[in-house]
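Participant: Residue numbers (our numbering): 446 to 561.
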Amino acid sequence: MSKDVIVCNGCCCGNTGKGHPEVPIKFLTEEWNKYGLNEHVKLRISKCLGPCSMHNVSILRTEESQQWLGNLSQKEHYESIVEWARNVAKNKNNYDIPNFLLSHKFERFEEVVIRD
Ligand code: FES
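1) What residues match up with S491 in a beta bridge as DSSP calls it?
2) When we look at the beta-carbon of S498 and count the other beta-carbons within 10 Å, is it buried (16 or more) or exposed?
3) Quick check on the DSSP output: the alpha helix (DSSP H) that includes S525 runs from which residue to which?
4) Would DSSP call S503 helix, strand or coil?
5) Roughly how many angstroms lie between the CA atoms of L517 and Y523, to the nearest whole one?
6) Using a Cβ-Cβ cutoff of less than 8 Å, which residues in the same chain neighbour F472 once the five nearest sequence positions on both sides are dropped?
7) Out of curiosity, what's the CA-to-CA distance linking I532 and N539?
8) Pick helix, strand or coil for L517, following the three-state DSSP scheme.
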């Protein structure tokens, strides 16, 4: 299994009509292209991942772990996700998430089903 970042942009996450912050898909795609991250860490934009109450949700997934993040509301949150992917691309065993995201981690034990 490869490493990937799964960013939810589903029925709740990113749904401004429900009062949730927009998911900056264009920004993420541009950053992934700028740093050539896709060959190391795939960027996947997904429909609902399940825990809608944690909007906006993303997962940092590697062979060893999946780290769920919720309540992502600022551009800095997504910049930190780019930082994580760049660190993984540079140092394949460094899966530590940036400090800025630590308080956004939550546990989820169900298997991830990506809907894109
Ligand atoms: S819409 Fe993102 S978890 Fe449901």
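Each residue gets a CB set at the ideal place from its N, CA and C atoms; glycine is no exception.
Facilitator: Reading from the atomic positions:
1) For the purposes of this step, residue 491 is identified with residue 46 of the sequence shown, where counting begins at 1. Answer is C453.
2) Here the question's residue 498 lines up with position 53 in the sequence shown. Exposed, because fewer than 16 other Cβ atoms sit within 10 Å of the Cβ of S498.
3) The sequence position of residue 525 within the sequence shown is 80, counting from 1. That run of the alpha helix (DSSP H) goes 520 to 535.
4) Numbered from its first residue, the sequence shown carries residue 503 at position 58. DSSP places S503 in strand when its eight states are reduced to three.
5) The residue you call residue 517 lines up with position 72 of the sequence shown. The residue you call residue 523 lines up with position 78 of the sequence shown. Near 8 Å, if we compare the C-alpha coordinates of Y523 and L517.
6) If you number the sequence shown from 1, residue 472 lands on position 27. Cβ neighbours of F472 beyond the five flanking positions: K520, Y523.
7) Sequence index remark: in the sequence shown, residue 532 carries index 87 (1-based). Sequence index remark: in the sequence shown, residue 539 carries index 94 (1-based). It is Asn, not Ile, that sits at residue 532 in the sequence shown. Straight-line Cα distance between these residues: approximately 7 Å.
8) Position 72 of the sequence shown holds residue 517. Looking at L517 - three-state DSSP - the assignment turns out to be coil, as it is neither helix nor strand.
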